[in-house]
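Residues in the sequence shown are numbered consecutively from 3, following the numbering used here. Idealized CB from N, CA, C, for every residue including glycine.
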Amino acid sequence: MEDGPYTGSGVGKGRAEHYKGRVTVHVIIACIVAATGGSLFGYDVGISGGVASMDDFLQSFFPAVYKHKLEAHENNYCKYNNQGISAFTSTLYISGFVASLVAAPVTRKFGRRTSIIIGGINFLIGSALNAAAVNLEMLIIGRVLQGVGIGFGNQAIPLYLSEMAPTQFRGALNMMFQVATTFGIFTANMINYGTQQIQPWGWRLALGLAAIPTLLMTVGGIFIPETPNSLVERGSKEQGRKLLEKMRGTDEVDAEFQDMLDAGELANSIKHPYWNILKKRYRPELVMAICMPAFQILTGINSILFYAPMLFQSMGFGRAASLYSSALTGVVLALSTFISIATVDRLGRRPLLISGGIQMIVCQVIAALILGVKFGENQELSKSYSISVVVVLSLFVLAFGWSWGPLGWTVPSEIFPLEVRSAGQSITVAVNLLFTFIIAQAFLSLLCSFKYGIFLFFAGWISIMTIFVVLFLPETKGIPIEEMSIIWRKHWFWKRILLDDADRLSQDSGTELIHLDV
């Protein structure tokens with residue numbers, strides 16, 4: 003298909019071959035500091051389930067759950083089914099959902115750094131409240147403030163990484179966020195394993211240690227530079243040019259800077275990004291902003307990581323053994339992310355998403371078969387079958403770690419044109435946190451109702467999302483972030499929607515659209 007008149011979003015001028023630059027020390031340092039924010043999200047995912055399975059914590063805040071846990075005749079799958087404990091884990095995510103929508107105008111008007119710092123301060127206060135909590139109300143308020151921190155941080159950090167990174171290394175550098183997330187999960191699992199032996203205040207230490215990565219992100223956020231894209235969007239063109247030259251290690255940045263100027267001009271012509279992103283010309287990006295994060299959660303990964311200690315205890319592992327097994331999945335997740343970093347800018351996004359999806363489906367089905375045949379409601383798995391379940395779930399986590407884990411964040415953060423980028427990323431984060439909230443709140447009830455069928459439930463969703471990638475997600479490898487609109491105009495499905503919209507606008511104006519004027 004010929005590119006023809008401009009029918010999509012963004013600037014799309016085709017200057018990519020003229021981009022110069024390399025990965026400089028300045029870019030690496032800025033990206034590492036920013037990416038530490040991912041460890042907050044990961045630490046919370048890992049720590050919540052572990053703390054919620056500690057006896058001292060349950061006795062203090064959820065005595066009914068503790069009592070049920072001690073009843074030997076209790077249905078294995080329903081041992082932890084309590085909406086109060088689900089509220090403890092999931093309150094953070096609904097507050098993060100709201101905060102991520104508020105973060106968009108802040109990130110756009112005041113820059114990516116500002117949102118990162120705001121996120122860090124809120125998470126820090128929340129961590130202190132959780133560690134010092136004397137009642138459930140104090141605990142929940144702390145979780146709400148941590149949610150605000152997650153909402154702002156997850157909205158701004160992937161944008162920061164995508165804008166800072168040179169085009170040819172954007173996938174790998176953007177995945178620093180996921181590396182930090184998986185490192186946070188692994189660290190939390192190790193801390194769970196250690197603090198569950200410290201009685202009666204081990205859970206306080208586990209929750210309070212979240213302050214360490216939070217301080218790194220908050221203080222680091224003060225010293226890292228703003229992105230050139232954000233500076234240009236906010237009118238600081240000369241400062242943006244100088245920073246771009248510094249980040250790319252060359253003064254030959256005319257092509258990339260011109261794309262930024264064009265994108266900034268278009269961005270400033272749009273006063274209501276949330277309203278504009280609903281227009282047909284942004285339909286491909288909007289669909290991806292909703293589907294990619296929703297599908298990432300519907301793999302079932304967060305449920306397994308949240309509740310891994312409880313899940314393994316339900317399967318008959320002892321308390322220490324269950325935390326050790328969940329720590330193993332954390333190690334696998336952390337290591338698997340490096341597979342993605344090494345291959346994403348060579349193989350592309352689509353091959354990783356598709357291969358990872360297939361492996362996850364196989365693992366979920368095998369886990370369901372083992373539990374369905376060998377695990378009754380009031381009996382324990384034999385040692386060999388318990389080990390088999392851990393191995394299968396580890397292979398599931400491995401596949402997630404090289405595919406939907408990092409790419410569920412990377413793809414949405416790199417596809418939006420500057421004029422709706424903050425709004426688009428906010429929608430991505432909001433959908434991610436909303437689905438995380440829904441699954442976190444419902445998982446223990448689903449486990450109780452579906453039993454081993456919970457794995458088949460998630461396998462069904464993974465099948466749908468794999469087909470979705472095959473049909474509707476074009477490859478974004480090697481496309482400059484300010485020229486991403488080109489891929490939609492060439493895609494077999496999305497080009498029809500964009501051409502229909504262009505034809506309608508052309509008829510309305512009586513002219514061909516060379517440039518979108520909103």
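Where residue i falls: helix, strand or coil (DSSP)
i, result
"Leu501", "helix"
"Gly251", "coil"
"Gln198", "coil"
"Met56", "coil"
"Ala74", "Unreliable placement is indicated for Ala74, whose pLDDT of 47 sits below 50; the coordinate value is still reported in the next sentence. Three-state DSSP puts Ala74 in coil, outside helix and strand."
"Met177", "coil"
"Ala89", "helix"
"Thr38", "coil"
"Ile279", "coil"
"Ser338", "helix"
"Met3", "For Met3, the predicted structure reports a pLDDT of 36, less than 50, and the residue's modelled location is therefore unreliable. The matter cannot be settled from this model."
"Lys273", "coil"
"His517", "In this prediction, His517 scores a pLDDT of 44, lower than 50, which makes its location untrustworthy; no coordinate-derived value is stated."
"Ser384", "coil"
"Phe64", "coil"
"Ser238", "coil"
"Val104", "helix"
Element boundaries [alpha helix (DSSP H), containing residue i]
i, result
"Met294", "Arg285 to Leu300"
"Glu267", "Asp256 to Asn270"
"Ala370", "Arg351 to Lys376"
"Ser232", "Pro230 to Glu235"
"Glu19", "Note, Glu19: premise wrong, no alpha helix (DSSP H); not H, not E."
"Met140", "Leu138 to Met166"
"Gly222", "Ala213 to Phe225"
"Val25", "That residue, Val25, is in no alpha helix (DSSP H); it is neither H nor E in DSSP."
"Thr169", "Counting along the chain, Thr169 falls outside any alpha helix (DSSP H), and DSSP gives it neither H nor E."
"Phe125", "Arg114 to Ala134"
"Trp494", "Per DSSP, Trp494 belongs to no alpha helix (DSSP H) and is neither H nor E."
"Trp203", "No alpha helix (DSSP H) contains Trp203, which DSSP labels as neither H nor E."
Residue i and residue j closer than 8 Å at C-beta
i, j, result
"Thr438", "Ile299", "yes"
"Gly122", "Thr216", "yes"
"Gly242", "Pro230", "yes"
"Gly86", "Phe64", "yes"
"Cys365", "Val394", "yes"
"Ile372", "Ser396", "no"
"Gly186", "Phe43", "yes"
"Ala158", "Thr189", "no"
"Ala291", "Ile429", "yes"
"Ser102", "Leu435", "yes"
"Ser28", "Met249", "In the sequence as presented, Ser is not what sits at residue 28; that position holds His. Result yes, Cβ atoms of His28 and Met249 sit closer than 8 Å."
"Ser92", "Leu446", "no"
"Ile464", "Gly359", "yes"
"Asn124", "Leu147", "yes"
"Ser415", "Pro160", "yes"
"Ser487", "Ala106", "no"
"Phe459", "Phe470", "no"
"Thr183", "Gly410", "no"
"Gly266", "Arg115", "no"
"Asn191", "Gly52", "yes"
"Met178", "Glu484", "no"
"Phe171", "Asp347", "yes"
"Phe418", "Glu287", "yes"
"Asn132", "Gly144", "yes"
"Gly173", "Thr412", "yes"
"Gly210", "Ser129", "yes"
"Ser338", "Val392", "no"
"Trp205", "Asp58", "yes"
"Leu354", "Trp404", "yes"
Residue i beta carbon near the ligand ADP (any heavy atom closer than 7 Å)
i, result
"Trp411", "Ligands displayed in this structure: none; no statement on the ligand ADP is therefore possible."
Exercise for the section: Please specify which runs of the alpha helix (DSSP H), each continuous and at least 4 residues long, are wholly inside the stretch 403 to 491, giving them in chain order. Expected result: 406 to 417, 423 to 452 and 455 to 474
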